[in-house]
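Just below is one structure, and these are the notes that go with it.
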């Protein structure tokens with residue numbers, strides 16, 4: 007008689023019983039179970055894709071909001087530069103007026119003094135207007151920066 011080494015017994019046993027197990031299983035029942043699992047997977051995928059679509063829409067809206075925020079910041083930056091330019095111009099006017107005062111003090115002409123006084127009134131009015139604009143701008147700046155800080159804090163909150 008032919009003797010099979012012991013180490014092959016498990017392999018032989020599985021080869022002999024596998025067809026029996028396959029024959030014993032009900033293919034229709036297995037197919038139904040597979041179909042149910044597939045239907046569940048399809049439903050899960052549909053739900054996931056629906057949620058992803060909603061998230062993508064929210065992302066697009068958020069990007070739109072970010073573009074508006076960027077626009078506000080750029081507009082604010084342009085206003086800052088405009089305000090700085092007004093301050094530089096005013097500073098130039100004051101320096102020029104100081105030079106005129108110095109020249110007047112050398113000559114002592116009363117006619118020049120009246121002109122200096124009129125120019126000085128204009129400079130003071132210009133300065134008041136500049137400082138009022140700066141005050142309004144400071145309020146706008148603080149409001150914008152506070153809004154941006156709140157957004158940043160909201161994004162940095164740990165879950």
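Numbering (the working numbering), first residue to last: 7 to 165.
Every residue, glycine too, gets a C-beta built ideally from N, C-alpha and C.
- Each residue's CA atom was taken as its position, placing residue 101 and residue 133 some 13 Å apart.
- Around residue 125, the same chain offers 103, 106 as residues with beta carbons nearer than 8 Å, after the five sequence neighbours per side are excluded.
- Here residue 150 is near residue 78, since their CB atoms are less than 8 Å apart.
- Contact between the segment 60-68 and the segment 137-147 is absent, with fewer than three C-beta pairs closer than 8 Å.
- CA-to-CA, the gap between residue 116 and residue 73 works out to about 59 Å.
- For the options 32, 85, 49, 80, the alpha carbon positioned closest to that of residue 143 is the one of 85.
- DSSP places residue 114 in the coil class of the three-state scheme, outside both helix and strand.
- When rounded, the separation of the alpha-carbon atoms in residue 91 and residue 80 is 17 Å.
- A straight line joining the alpha-carbon of residue 154 with that of residue 160 spans about 10 Å.
- Take residue 52, set aside five residues on each side of it, and no residue of its chain has a beta-carbon closer than 7 Å to its own.
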